[in-house]
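A.B. asks:
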Amino acid sequence: MSDGISVDVEDVVGVLTERIEARFDMDMEHLKAAVAAAPTANPDATDIVKWHSHLVAAQAALNRAENDLLTALETQPSEVDDPTMGLAHRVNAAVATRDGRAIIVRWLLDPEALGKKDLAAERPARLRPRTGPAVQTSAPQRPPGTPAPTSASRAGRAVR
Numbered sequence: 097m098s099d100g101i102s103v104d105v106e107d108v109v110g111v112l113t114e115r116i117e118a119r120f121d122m123d124m125e126h127l128k129a130a131v132a133a134a135p136t137a138n139p140d141a142t143d144i145v146k147w148h149s150h151l152v153a154a155q156a157a158l159n160r161a162e163n164d165l166l167t168a169l170e171t172q173p174s175e176v177d178d179p180t181m182g183l184a185h186r187v188n189a190a191v192a193t194r195d196g197r198a199i200i201v202r203w204l205l206d207p208e209a210l211g212k213k214d215l216a217a218e219r220p221a222r223l224r225p226r227t228g229p230a231v232q233t234s235a236p237q238r239p240p241g242t243p244a245p246t247s248a249s250r251a252g253r254a255v256r
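Quick note, in our numbering, the sequence shown goes up one by one and the last residue is 256.
#1: Count the other C-beta atoms from every protein chain shown that fall within 10 angstroms of the C-beta of Q237, then say buried if there are 16 or more, exposed otherwise.
#2: Can the beta-carbon of D140 be found closer than 8 Å to that of L210?
#3: State buried or exposed for E162, treating a residue as buried only when at least 16 other CB atoms are found within 10 Å of its CB.
#4: So the alpha helix (DSSP H) G182 belongs to, where does it begin and stop?
#5: Go to N163, then tell me how far its alpha helix (DSSP H) extends in each direction, as first and last residue.
#6: Which of the three DSSP states is assigned to G241 in this structure?
#7: What is the DSSP secondary structure of D121, counted as helix, strand or coil?
#8: Rounded to the nearest angstrom, what separates D177 and N188 at their Cα positions?
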């Protein structure tokens, strides 16, 4: 694999790792250990560690796909065969996966990101225990003067 590809590819993970370490003022290994020891202590850290792990895995899959493609290209004549095109598609899919996970990590790191304030406001509400039923358990109120359906009218509708 050429140095240009590996350096550019690994920069995505490296840059985001540095941003994570700066935000939490500790290296990734210590942050992972802290999250493993107390996963509910800091939900933001827990989410970031989880998605960083997904990002690292996607990066590893991309590296493998690129290596496989480069190996295949070295043995190809001037025209690329279908299996090699399949490897190229695998690389494209791996790039999309890695980039998607990088976007999530970037979003998690940005406290001003679109939707973050609404999500932060909802989090305490989601953690509170539910006090009532999840669904309506009684029939809805009918407006005055509206007759209730009879069993005969319901049966007639079902037959039609």
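All residues carry an ideal CB built from backbone N, CA and C; glycine is no exception.
C.D. replies: So, from the listed chains and residues:
#1: exposed
#2: Going by beta carbons, D140 and L210 fall outside the 8 Å limit.
#3: E162 sits buried, since 16 or more C-beta atoms from the chains shown fall within 10 Å of its C-beta.
#4: Looking at the DSSP string, the run of the alpha helix (DSSP H) that includes G182 is D178 to L205.
#5: P139 to E170
#6: coil
#7: coil
#8: 17 Å
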